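Residue numbers (my numbering): 1 to 297.
Even glycine gets a Cβ: it sits at the ideal position worked out from N, Cα and C.
No experiment lies behind these values; they were computed from the predicted model shown.
One structure is given below, encoded as C-alpha cells.
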DNA sequence: CTTCGTTCCTGTACGC
DNA sequence: TGCGTACAGGAACGAA
C-alpha cells in the first residue's frame, strides 16, 4: 500500500524517466482509471497528445506532472494497488493495465497498472497553494484536486505548531486525525500505527487534550518511520522500473506494530493487540499504549 | 462548519 | 473440491 515514502520513490522514477518527454499517444483501457477527469477518457487523451511533461511533483500521496501546454498537470493517485511502470513499449500488457502513454522519442512507455482501481489519473488545472508559504509563483501552484491536501511532515512548509493547534481544535481521535489528509498528508493506516507505537499513544486518544510534548512525539514518530521507509525503498528508483507497492522490503523488516497481532512488543514483550476501527485494523501495544479513559473515535 | 459512516474494487486466505 | 465470507484500505461523498 503506497504511502508517502513509496509515492516519493515513484516521483523520483517519473522525474528520471518521463519528465521532459512529449506524449505521442495515450490509451485508456479502463474508464474507471480516469473517472475523476472532467470530460472523460477522450478529453483526457486529447489533452496529453503532443504535450510535453515537466518536473514531477508530489504532495502527500498525490503525484503530478505539469504540462507545457494548457497550463494543467497530469494528476495521479495510486490508491491501494496502483503502479506507474516504465519500460519497453513492446513488452506484454499487464493484466491490470489501465492507462498507457507512449512518447515521440520512441523510448520507454509509461503504464498505469492498478488491480483494485482505487487509484486514478486525471488532467487538472493548477490553482494557488492555500498552504504555501512565500515562494516562487510557479512553485506555489498545485492542481485543483490537491488544493485541500495539507503539506506532509517531511516538507519545509509543514508547520508543527499549526498542526498542534489544529489538533487541539478538533474533537476526534489522534489516529483519525493522522489519516485526515487536510491536517497532515502522506500518512496511511500502516505508518499511523507505527508512529503511534513510537509515540506511545493509543489510537483513540482525544486530540483536544494532547500535550505539545505528545504531539511532538507523534510527529517525530511519523518522520522517523517515513525516513526509514524512504531509505529502504529509495534504492530501486535507479533501475528501469518505477517501484511501488511496498516492494522496498521495509514492511517485512521494520514494522513494530502493524500486522503483529499476538507477537511480543519489541519494547516490553506484551503481545500486540488488534482493534477494528474505521473498518480497518489498528495494531498497538496494550502496555505502552494504554487505552484512554475518554476515548475519541 | 465538523464529524463520521458508506462506498468503490478484486485477489487472497481461510473455515466449513 | 468448492463455496461463502472476511479482509486489505485511500478518500470522495453525503448525512447528521
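Proximity to residue 113 across 89, 92, 106, 81 peaks at 81, based on C-alpha coordinates. Contact between residue 20 and residue 47 does not hold, since the beta-carbon distance rounds to 18 Å and is not under 8 Å. Of the candidates 258, 184, 259, 184 places its Cα closest to the Cα of residue 223. In this structure, the beta-carbon distance from residue 76 to residue 63 falls below 8 Å. Between residue 215 and residue 121, the C-beta spacing is not below 8 Å. Contact check between the segment 187-194 and the segment 157-166: fewer than three CB pairs, one atom from each, fall below 8 Å, which does not count as touching. For residue 112, no alpha helix (DSSP H) run applies; the uninterrupted beta strand (DSSP E) run containing it begins and ends at 109-114, by DSSP. Here residue 14 really is in contact with residue 56; their C-beta atoms are around 4 Å apart, less than 8 Å. Secondary structure at residue 210: coil, using DSSP grouped into helix, strand and coil.
The three-state secondary structure of residue 81, taken from DSSP, is coil. For the pair residue 59 and residue 6, the Cα-to-Cα distance works out to about 12 Å.
For residue 143, same chain residues with a beta-carbon under 8 Å away, outside a window of 5 residues either side, are 62, 64, 72, 73, 75, 124, 125, 126, 127 in chain order.
In the DSSP assignment, residue 258 falls outside any alpha helix (DSSP H), carrying neither H nor E. For residue 277, the enclosing beta strand (DSSP E) covers residues 273-277. In this chain, the beta strand (DSSP E) harbouring residue 102 covers 97-103.
Across the structure, residue 145 and residue 192 are spaced so that their CA atoms are roughly 23 Å apart. By the beta-carbon neighbour count (other beta carbons within 10 angstroms, threshold 16), residue 109 is buried. As DSSP reads the structure, residue 26 sits in a beta bridge with 101.
Note that the segment 273-286 does not touch the segment 146-157; fewer than 3 beta-carbon pairs, one per stretch, sit closer than 8 Å. A residue is called buried once 16 or more other Cβ atoms fall within 10 Å of its Cβ, and residue 11 is buried on that count. When secondary structure is reduced to three states using DSSP, residue 149 falls in the coil class, being assigned neither helix nor strand.
Nearest to residue 53 by C-alpha distance, out of 102, 83, 95, 38, is 102. Its Cα nearest to that of residue 97, the residue 115 stands out among 89, 87, 115.
Judged by DSSP secondary structure, residue 124 falls outside any alpha helix (DSSP H) and instead within the beta strand (DSSP E) spanning 120-128.
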